[in-house]
Amino acid sequence: MIYKSLTELGTALAARKISSVELSRLFLERIRRLNPLLNAFITVDEEKTLAAAKIADERLAAGDAHPLTGIPLAQKDIFCAQGWKTTCGSKMLENFTAPYDATVVERLEREAGMVSLGKANMDEFAMGSSNETSCFGPVSNPWDTTRVPGGSSGGSAAAVAAYLAPAATGTDTGGSIRQPAALCGLTGIKPTYGLVSRYGMIAFASSLDQGGVIAHRAEDCALVLSAMTGFDAKDSTSLDRPAEDHARNLEAPLKGLRIGLPKEFFGEGANAEVMAAVEAAIGQYRKLGAETVEVTLPNSRLAVPAYYVIAPAEASSNLSRFDGVRYGYRAPEYADLTDMYKKSRSQGFGAEVKRRILIGTYVLSHGYYDAYYLQAQRIRRLIAGDFAEAFKVCDVLLGPTSPTTAFKQGEKSADPVEMYLSDIYTIAVNLAGLPGLSLPCGFDAQGLPIGLQLIGNYFEEARILNAAHGFQQATDWHVRQPAMAA
Ligand code: GLN
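For the sequence shown, position 385 (counting from the first letter as 1) is numbered 384 according to numbering that gives the first Met the number 0, and the numbering increases by one without interruption.
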């Protein structure tokens with residue numbers, strides 16, 4: 000059961016071959032056994048999970064179920080879920096129990112009837128590429144527990160890769176769905192900015208943050224994404240578009256699909272094994288009838304520097320609310336009000352979060368705003384323009400997701416810039432607000448998964464999911480399992 004696709008699970012539940020309570024118990028038992036090795040979950044609450052599964056079973060019995068009703072999932076701990084501890088991986092929110100549901104939680108759990116297995120570990124406030132900045136400790140990669148799962152949705156990815164959950168939510172500000180999906184051998188999609196409501200999703204960089212899903216297969220992602228997206232009046236950046244079925248195009252043949260290969264993604268950035276797997280994937284796509292065309296994204300080399308001005312600027316503003324007064328960690332001892340703010344924020348935030356707040360405050364300050372923030376916004380516009388040009392001659396863009404496979408824990412933590420470069424292929428997509436997906440396309444000599452990135456034009460989720468599904472019908476990278484899965 001635990002290896003089945005979401006469609007198969009839905010069919011089994013609808014036919015009453017298994018109940019949601021039984022299915023949830025299978026995953027809870029694996030979590031109990033394997034989570035100590037992985038640290039993929041921050042909070043597990045078996046009673047809550049089983050109570051939700053029981054409600055799902057009643058819905059199934061009453062015949063008023065959604066195709067996802069009764070299917071378990073892991074929720075990244077950035078999404079507020081009523082009654083659940085919601086920490087965002089930070090000591091600042093260590094004791095925060097959300098009084099309301101994020102729209103994503105409401106849609107997936109209350110409306111579609113999916114069952115939460117718990118809150119997945121993550122980098123603190125989603126800042127990181129390795130899931131080593133969580134105040135609840137690092138997450139291990141199920142393919143090699145001495146290595147990182149990627150970040151910031153590292154707990155979500157590790158949980159799915161080890162079959163502790165059949166799917167998980169994630170968020171992606173600069174790569175945090177696609178990069179951990181790549182490093183854990185999974186499929187993950189970040190939709191067009193504005194498609195998934197940010198209401199109740201703790202804000203990092205509001206103009207870049209977007210919720211999405213990590214699962215084994217493109218078809219699984221399409222189902223969950225369809226239940227997540229849609230207009231929400233509670234998020235001012237939510238796009239007012241009719242609801243859509245992102246799975247509608249899955250089975251379309253790939254013949255004639257025009258794949259753009261950005262010259263900048265095939266230069267020096269990635270290691271040789273990653274590039275060899277990406278090249279082999281291109282060969283596979285040609286076999287499936289796709290055509291390739293070389294394109295150029297001349298400003299993409301500016302994406303990481305622009306992102307590390309814009310994202311910290313927005314973070315410094317978003318995180319100013321954590322002052323130890325209304326909620327959040329408050330230092331036990333302090334002299335006066337200013338001292339209380341200082342001590343609460345110094346003790347409540349970890350090093351990476353503080354670094355971002357300092358950078359962000361600096362680039363927004365008087366005299367530097369024009370030189371840094373405004374300049375970065377101009378670069379952002381140029382990057383979006385590059386993509387617009389490229390999509391005139393192709394339907395999707397293809398390249399590596401991450402320059403390397405999973406690296407060792409501790410390997411990059413002393414060098415922030417080295418860590419930031421993990422996202423050289425993913426960040427431009429967030430700056431432009433485009434949909435992006437990562438899917439498995441091979442393994443390196445050490446048996447670590449390699450990810451392939453597909454980028455679509457705005458609102459072309461169905462097309463990149465179709466391109467990923469077509470590839471997965473012809474290959475089996477996405478169903479290979481780490482030894483731990485047995
Ligand atoms: N690794 C990037 C960062 O640290 C992206 C994180 C994310 O997408 N949330 O900002």
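Heads up, the beta-carbon is just placed ideally off N, CA and C, and yes, glycines get one too.
Since this is a predicted model, take the numbers as computed values, not measurements.
Give a yes or no on whether the C-beta atoms belonging to A312 and L363 are separated by under 9 Å. yes
How many angstroms separate the CA atom of G441 from the CA atom of R329? Approximately 47 Å, taken between the alpha carbons.
Once the 5 residues before and after D56 are set aside, which same chain residues still bring their CB inside 8 Å of it? Once the five neighbours on either side are set aside, the close Cβ partners of D56 are S18, S19, V20 and G69.
Near the ligand GTP: F203 beta-carbon under 8 Å from a heavy atom: Judged by which ligands are present, the ligand GTP is missing from the structure shown, whose ligands are the ligand GLN.
Mind checking whether the beta-carbon of S235 lies closer than 8 Å to any heavy atom of the ligand GLN? no
Of all the options V292, S401, G184 and K342, which has the alpha carbon lying nearest to the alpha carbon of Q480? G184
DSSP has D143 in a bridge; who is on the other side? N140
Is G347 near the ligand GLN, going by C-beta to nearest heavy atom under 8 Å? no
Contact set for K3: own chain, Cβ-Cβ below 8 Å, skip 5 residues either direction: A11 and P165
Say yes only if the C-beta of Y192 is nearer than 8 Å to one or more non-hydrogen atoms of the ligand GLN, and no if none qualify. no
Using CA coordinates, which residue listed in S299, A467 and M483 is at the minimum distance from A431? S299
Compute the Euclidean distance between the alpha carbons of T337 and T132, then round it to the nearest angstrom. The alpha-carbon of T337 is positioned some 27 Å away from that of T132.
Between A97, Q408 and Y307, which has its C-alpha nearest G359's C-alpha? Y307
Integer-rounded CB distance, given that P190 should sit under 8 Å from L224: 6 Å
Beta-carbon proximity check, F386 vs N456, cutoff 9 Å: yes
Taking the CB atoms as reference points, tell me whether F26 and L107 lie closer together than 9 Å. No.
Assuming M274 and P141 are in contact, meaning their beta carbons sit under 8 Å apart, how far apart are those beta carbons, in whole angstroms? Wrong, their Cβ atoms sit about 25 Å apart, outside the cutoff.
In this structure, what does DSSP give as the bridge partners for Q74? K118
Backbone CA spacing between S129 and K75 [nearest angstrom]: A straight line joining the alpha-carbon of S129 with that of K75 spans about 15 Å.
Near C87, which residues of its chain fall below 8 Å by C-beta distance, leaving aside the five closest residues on each side in sequence? By the criterion of a C-beta distance shorter than 8 Å, C87 is surrounded in its chain by D76, I77, M121, E123, F124, A125 and I201, once the five residues flanking it on both sides are discounted.
Tell me, to the nearest whole angstrom, how far the beta carbon of I382 is from that of A310; I am working on the premise that it is less than 8 Å. Contact flag wrong, Cβ pair sits at about 14 Å.
Does at least one heavy atom of the ligand GLN sit under 8 Å from the Cβ of Y419? In this structure, Y419 has its beta carbon less than 8 Å from a heavy atom of the ligand GLN.
Does T145 pass the burial test, meaning 16 or more other C-beta atoms within 10 Å, or should it be called exposed? exposed
Once the 5 residues before and after L287 are set aside, which same chain residues still bring their CB inside 7 Å of it? L253, G469 and A473
The region 145 to 161 touching the region 200 to 216, judged by at least three CB pairs closer than 8 Å: yes
Please report the straight-line C-alpha distance between R58 and Q471, rounded to a whole angstrom. Computed Cα separation, rounded: 32 Å.
Considering Cα atoms alone, identify which of T6, G450, P35 and A217 is closest to A279. G450
Taking 8 Å as the cut-off, does the CB of N465 come closer than this to any heavy atom belonging to the ligand GLN? At a cut-off of 8 Å, the beta-carbon of N465 does not count as near the ligand GLN: no heavy atom of the ligand is closer than that.
G173 Cβ short of 8 Å to the ligand GLN heavy atom set: With a threshold of 8 Å, the Cβ atom of G173 counts as near the ligand GLN, since some heavy atom of the ligand is closer than that.
By alpha-carbon positions, which one of A14, T85, V43 and A39 ends up nearest to R23? Before going further, note that residue 23 is Ser rather than Arg in the sequence given. S23 has its Cα closest to that of V43, out of A14, T85, V43 and A39.
Which same chain residues, not among the five before or five after S437, have their C-beta less than 6 Å away from its C-beta? Closer than 6 Å at the Cβ level, and outside the excluded window around S437, lie R177, A180, A181, G187, T400, G450 and Q452.
Does the Cβ of N38 have 16 or more other Cβ atoms within 10 Å, making it buried, or fewer, making it exposed? buried
Residue nearest to R377 in terms of C-alpha spacing, selected from E410, P304 and V324: P304
Specify the secondary structure class of R257 as computed by DSSP and reduced to three states. strand
Roughly how many angstroms lie between the CA atoms of S316 and R354, to the nearest whole one? In a straight line, the C-alpha of S316 is about 14 Å away from that of R354.
Cβ-based burial, Y368 [other Cβ within 10 Å; buried from 16]: exposed
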